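The block underneath contains the structure these notes are about, expressed in structure tokens.
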Amino acid sequence: MGSADSLTAVRGSTPPRTLPDAYAVGSYTTSGSPGASRVRSVPPAPLVPSYDVLSRLSACAEAADRSGEPDREAVAVLRDSGLLALVVPRSHGGAGADAVALNTCVEQVAAVNASAAIMLFQHCAVTSRIVENGTPAQHREVLPKLAGGQWLAASAWSESGAGADKKNLSTVAHRTPDGGWLLDGAKSFTTSAGLADVYLVLAQSQEPPESQEPRAGSPASASSSQDTGYGAAGQTFFLIPGDHPGLLPDTSLRLTGMRGSATGFVSVRECRVPDSARLGATGVAASIIARVRDSGATLGAVAVGVAQAALDAAHAHAARRGLYAHQGVRHRLVDLATQVESARAVVERAGRRTAADPGLTTLHSKLAASAAAERVVADVAQFLGSAGYVETHPINRFGRDARAVALMGPTNDLCKELVSLPWNR
Numbered sequence: 118m119g120s121a122d123s124l125t126a127v128r129g130s131t132p133p134r135t136l137p138d139a140y141a142v143g144s145y146t147t148s149g150s151p152g153a154s155r156v157r158s159v160p161p162a163p164l165v166p167s168y169d170v171l172s173r174l175s176a177c178a179e180a181a182d183r184s185g186e187p188d189r190e191a192v193a194v195l196r197d198s199g200l201l202a203l204v205v206p207r208s209h210g211g212a213g214a215d216a217v218a219l220n221t222c223v224e225q226v227a228a229v230n231a232s233a234a235i236m237l238f239q240h241c242a243v244t245s246r247i248v249e250n251g252t253p254a255q256h257r258e259v260l261p262k263l264a265g266g267q268w269l270a271a272s273a274w275s276e277s278g279a280g281a282d283k284k285n286l287s288t289v290a291h292r293t294p295d296g297g298w299l300l301d302g303a304k305s306f307t308t309s310a311g312l313a314d315v316y317l318v319l320a321q322s323q324e325p326p327e328s329q330e331p332r333a334g335s336p337a338s339a340s341s342s343q344d345t346g347y348g349a350a351g352q353t354f355f356l357i358p359g360d361h362p363g364l365l366p367d368t369s370l371r372l373t374g375m376r377g378s379a380t381g382f383v384s385v386r387e388c389r390v391p392d393s394a395r396l397g398a399t400g401v402a403a404s405i406i407a408r409v410r411d412s413g414a415t416l417g418a419v420a421v422g423v424a425q426a427a428l429d430a431a432h433a434h435a436a437r438r439g440l441y442a443h444q445g446v447r448h449r450l451v452d453l454a455t456q457v458e459s460a461r462a463v464v465e466r467a468g469r470r471t472a473a474d475p476g477l478t479t480l481h482s483k484l485a486a487s488a489a490a491e492r493v494v495a496d497v498a499q500f501l502g503s504a505g506y507v508e509t510h511p512i513n514r515f516g517r518d519a520r521a522v523a524l525m526g527p528t529n530d531l532c533k534e535l536v537s538l539p540w541n542r
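Here our numbering is used: the first residue of the sequence shown is 118, the next is one more, and so on.
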């Protein structure tokens, strides 16, 4: 469940270096993956979901939550909606959306189906990494498929023993004599596992520098104090299609929240890929990850959508029971609405990237919005009384989904560490 970025993530900064290697089109076939056989013209990509799309996503949310099975229907809706093209450049069939548009779209989807929202968010996260760091050949081959809905993208960064900061990866990538790579390891908490058509896999491709106790004031001490807090030296990203030999998803993981998001395990065992599968230079994945926070795209948008859904449920209850006549009820709803609007405001500020340090604002937006969502849902559940205590009431799903946002990467604890890290230098 990794963090994300938008098309304009590095606006005003030096663009990533273009690598000379070519993306081997023939190396990757996706004939067995969902949506790969679709051949159709792509309509102009929308910046916001249509009423029909939201209605269809809402209709499948409850069933997926009950079953805990991957929400394949939601994925089908996303493929047909044009929303998967959101951050793809217009030159490759996308909408060319910035972080403000992405956050707005994700919020609206989250208000009806949080699992679909996180799948969309992660798809856009991987797409943005490709836009920023891909070769021209990778752009030509991959971006049109992402924009057209043929490919759903997922990030496979997390591991059970690596920690939230991704610094102790067990997944390794070794060079092969033919210039390619051999990957071996296992990933956990991968959103869209088994549903995605391409995965962005994070692996340790080089040995990190030997740990040592530096002397105060030494160069090593200065280097360690500049730790970005996320990722480690010697890590590399690889784009691997979902049907590639050696890559195996496992959706046996049963979550409490975001139950339709197909969050599970992905293993790469004796997985051989060409060098053209590498995204970005060898060993620099940590620097790519570090730039994510400057994007303005924020998981706080998912939290705002869930909070808005809870507020809507409170208004529906008040209207149905004739409670608007009571001043105390009206003022209570105003207090809830103020919390939602405040969270939405900080998410929008993050997307606009107008702060002195946009990265800090993005981190704060996740912290603020996820905390607000949990408070709003809890307050609405209390407001509903016995009506919300029924198992099938959506407020219970909202509560579990709101809690999930805080646990998504970067987790809220890691966000706090990333914000506070410079204070200790």
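Glycine included, each C-beta is placed from N, C-alpha and C at the ideal position. Only a predicted model underlies this, so the values are computations on that prediction, with no experimental measurement involved.
Rounded to whole angstroms, how far is the Cβ of residue i from the Cβ of residue j, which I believe are closer than 8 Å?
i       : j       : result
Ala-485 : Gly-374 : Rounded, the Cβ-Cβ distance is 19 Å, inconsistent with contact.
Ser-232 : Arg-376 : 7 Å
Ser-369 : Gly-381 : 7 Å
Glu-465 : Val-217 : 7 Å
His-240 : Leu-269 : 6 Å
Ala-264 : Leu-200 : So it is not a contact: roughly 10 Å between Cβ atoms.
Arg-461 : Val-421 : 5 Å
Ser-435 : Leu-453 : The residue you asked about is not Ser; residue 435 is Ala in the sequence shown. Wrong, their Cβ atoms sit about 11 Å apart, outside the cutoff.
Here's the rule I'm using: 16 or more other beta-carbon atoms within 10 Å means buried, otherwise exposed. How should residue i be labelled?
i       : result
Asn-541 : exposed
Arg-410 : buried
Thr-455 : exposed
Thr-293 : exposed
Glu-224 : buried
Pro-539 : exposed
Pro-527 : buried
Pro-511 : buried
His-448 : exposed
Gln-267 : buried
Tyr-443 : Correcting the residue type first, residue 443 is His in the shown sequence and not Tyr. Exposed, because fewer than 16 other Cβ atoms sit within 10 Å of the Cβ of His-443.
Ser-537 : exposed
Val-522 : buried
Gln-499 : exposed
Pro-560 : The structure shown does not extend to residue 560, since the chain is modelled only from 118 through 542, so no value can be given for it.
Ser-172 : exposed
Asp-169 : exposed
Ala-214 : buried
Thr-252 : buried
Val-423 : buried
Gly-143 : At Gly-143 the pLDDT is 36, less than 50, meaning the model places this residue with poor confidence; the figure from the coordinates comes in the next sentence. Label assigned to Gly-143: exposed.
Gly-296 : exposed
Val-507 : exposed
Asp-530 : exposed
Ser-482 : buried
Arg-543 : The question about residue 543 has no answer here: the residues shown for the chain are numbered 118 through 542.
Between the beta-carbon of residue i and the beta-carbon of residue j, is there less than 9 Å?
i       : j       : result
Ser-543 : Val-289 : This structure cannot settle anything about residue 543, because the visible part of the chain is limited to 118 through 542.
Tyr-316 : Ala-403 : no
Gln-425 : Val-446 : no
Leu-501 : Ala-431 : yes
Leu-203 : Leu-164 : yes
Ala-303 : Thr-353 : no
Val-493 : Thr-478 : no
Leu-237 : Val-248 : no
Gly-359 : Asp-301 : no
Ser-272 : Ala-379 : no
Gly-468 : Thr-415 : yes
Arg-389 : Trp-274 : no
Ala-181 : Ala-193 : no
Leu-372 : Gly-185 : yes
Considering only C-alpha positions, which residue in the set the options is nearest to residue i?
i       : options                            : result
Leu-364 : Val-318, Glu-276, Tyr-347, Val-226 : Val-318
Leu-219 : Gly-413, Ala-303, Ser-503          : Gly-413
Ala-433 : Val-401, Ala-504, Asp-188, Leu-299 : Ala-504
Asp-188 : Ile-235, Ala-212, Leu-200, Gly-199 : Ile-235
Glu-258 : Cys-222, Ala-310, Val-205          : Val-205
Asp-496 : Ala-181, Gly-516, Ala-242, Ser-482 : Gly-516
Leu-524 : Ala-488, Arg-514, Val-383, Lys-284 : Ala-488
Val-385 : Tyr-441, Val-419, His-291, Thr-471 : His-291
Asn-250 : Gln-499, Ala-490, Leu-480, Ser-393 : Ser-393
Thr-221 : Leu-396, Ile-405, Leu-535, Val-419 : Val-419
Gly-278 : Trp-298, Phe-306, Leu-171, Gln-255 : Phe-306
Gly-400 : Asp-530, Asp-295, Pro-391, Ala-349 : Ala-349
His-361 : Glu-387, Leu-372, Arg-371          : Glu-387
Ala-178 : Cys-532, Leu-535, Arg-514, Ala-519 : Arg-514
Ala-427 : Ala-227, Gly-476, Pro-366          : Ala-227
Ala-490 : Thr-471, Ala-473, Asp-518, Asp-474 : Asp-518
Ile-405 : Ser-198, Ser-167, Ala-242          : Ala-242
Gly-211 : Asp-530, Lys-262, Ala-407          : Lys-262
Arg-408 : Tyr-441, Pro-475, Val-383          : Pro-475
Quick check: is any heavy atom of the ligand ADP less than 8 Å from the C-beta of residue i?
i       : result
Asp-518 : No copy of the ligand ADP appears in this structure; indeed no ligand is present at all.
Suppose only complete runs of 4+ residues qualify. What are the alpha helix (DSSP H) ranges in the segment 493-532, listed by chain order? 511-524
Length-filtered (3 minimum) beta strand (DSSP E) runs lying within the segment 379-462: 381-390
In chain order, what are the residue ranges of uninterrupted alpha helix (DSSP H) at least 4 long that sit wholly in the segment 210-276? 216-227, 231-250, 253-265
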